[in-house]
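Numbering (the working numbering), first residue to last: 194 to 567. Built from N, CA and C at the ideal position, the CB exists for glycine as well.
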Ligand SMILES: [Mn+2]
């Protein structure tokens, strides 16, 4: 189910008195960018925080919002994210367009800092905002969520292909041109968010793509998409494919090794393209935690629902209708035990409603060895 809901909230008594409810549909004539700027008024320090291991969508949307604040409020906001950027294409994008993002382990803002959370909600575990003292002023996101967060500005539109679309639209509303570097990053973000079966574009996505194409550098885009890959990447990939099991139309893969979190999603993206596979669960132990990606075919179940039910009581999960992810923190001995592997497989099979006894390998390991010996 796709939703398009915008809520505005206010702490002002008069607003509360006239609205009587704590939320309501936005006033249509008011521009969202104006509402965001109004919510930030009076703050001298502003920080934009992305989810951990920020992807092109989080990075470029955060960058566009930083540009909006710089042009309209004359404040240099910090753009911060936890973890690292691992995917080869995304690292290449960073090198080419140099987004002004700080990758940090901890976020300790100055007092009275307005924080804008981008491409995730406060309820998910994977971001830097662990302290309740941090003042979240805005949440800008396109993931499927439950109740909208109780903060002054909320723009959550799950129908949108990317947060980059929403942030680019703020710039358009305010007549701010993105420039070549930012436009390339935003356009690349929309491309990456619309891979797999998550490819629907709203009218706004389409018009933003046309607008950004006027400023973006197509040669950089081609170069990013063909970024050099490490040999370790190919090792991770071949071991993952050898360790993939099929139960009816559902695939289950625990990677024997993974150089970074992103390979989990890449393998899932590759497997969902296989004929006959409609649902994919792919997981790995990385730096003592378990990360997984779930993908579903366009006409199959919700990936967000499947990951939630598979990780129920073990960890957290969420995402979109056809692309979702999850995490189980602090694995004992920093690895996936045989008991956890068996439990995850059982849960995935149950969530998909397939038969456990019909499991087969995607690739028979003996066949690969035989081929090499010939
Ligand atoms: Mn996104």
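Check, Outcome
"Any residue whose CB is nearer than 6 Å to a heavy atom belonging to ligand 1, listed in chain order", "250, 312, 335, 355, 356 and 386"
"DSSP state of residue 212 mapped onto helix, strand, coil", "Note that residue 212 scores 32 on pLDDT, short of 50, meaning its location in the model is unreliable and no value can be drawn from it."
"Residue 380 versus residue 432: straight-line alpha-carbon distance, rounded", "33 Å"
"Rounded straight-line distance, which links the Cα of residue 357 to that of residue 392", "14 Å"
"Proximity of residue 242 and residue 377 at Cβ, strictly below 9 Å", "no"
"Among 348, 236 and 504, nearest to residue 536 - alpha-carbon criterion", "504"
"Beta-carbon contacts of residue 348 that lie in its chain and below 7 Å, excluding the five residues immediately before and after", "199, 225, 333 and 359"
"Euclidean distance between Cα positions of residue 438 and residue 408", "45 Å"
"Cβ-Cβ distance between residue 300 and residue 273 below 9 Å", "yes"
"Those runs of the alpha helix (DSSP H) which lie wholly inside the segment 379–438 and span at least 4 residues", "396–406, 411–418 and 424–435"
"Helix, strand or coil at residue 503 [DSSP, three-state]", "helix"
"Contact check, residue 336 vs residue 314, beta carbons under 9 Å", "yes"
"Cross-strand partners of residue 245 (DSSP beta bridge)", "Partner(s): none; residue 245 has no beta bridge."
"DSSP-derived helix/strand/coil call for residue 217", "Model confidence at residue 217 stands at a pLDDT of 44, short of 50, so the residue's coordinates are unreliable and nothing is read from them."
"Integer-rounded CB distance, given that residue 386 should sit under 8 Å from residue 355", "4 Å"
"Close Cβ partners of residue 266 (< 8 Å) along its chain, the five nearest in sequence each way excluded", "230, 233, 234 and 239"
"Cβ shell of residue 551 (< 7 Å), same chain only, five flanking positions each side left out", "440 and 441"
"CB contact flag (residue 492, residue 520, <9 Å)", "no"
"One or two residues paired with residue 554 in a DSSP bridge", "438"
"Per-residue burial, residue 560 [other beta carbons within 10 Å of its own, 16 or more giving buried]", "exposed"
"Per DSSP, cross-strand counterpart(s) of residue 474", "445 and 487"
"Cut-off 6 Å between Cβ atoms - residues of its own chain near residue 444, not counting five sequence neighbours on either side", "437, 464, 470 and 473"
"Bridge partners - residue 358, DSSP secondary structure assignment", "Note: residue 358 sits in no beta bridge, so no partner."
"Cα-Cα separation between residue 331 and residue 556, rounded to whole angstroms", "47 Å"
"Buried versus exposed, by CB contacts within 10 Å (16 or more), residue 368", "exposed"
"For residue 340, three-class secondary structure by DSSP", "coil"
"Residues bridged to residue 240 [DSSP beta-bridge criterion]", "271 and 308"
"Environment of residue 428 [buried if 16+ CB atoms lie within 10 Å]", "exposed"
"Host beta strand (DSSP E) of residue 348 (start-end)", "346–349"
"Cβ-Cβ distance between residue 508 and residue 531 below 9 Å", "no"
"8 Å Cβ shell around residue 344 - same chain, five flanking residues per side excluded", "202, 315, 329, 330, 331 and 332"
"CB-CB length for residue 262 against residue 294, believed under 8 Å", "About 15 Å separates the two Cβ atoms, so there is no contact after all."
"For residue 398, the nearest candidate out of 475, 362 and 411 (CA to CA)", "362"
"Distance between beta carbons of residue 455 and residue 311, contact taken as under 8 Å", "In fact, because the Cβ distance is near 19 Å, the residues do not count as touching under 8 Å."
"Boundaries of the alpha helix (DSSP H) in which residue 533 is found, first to last residue", "531–545"
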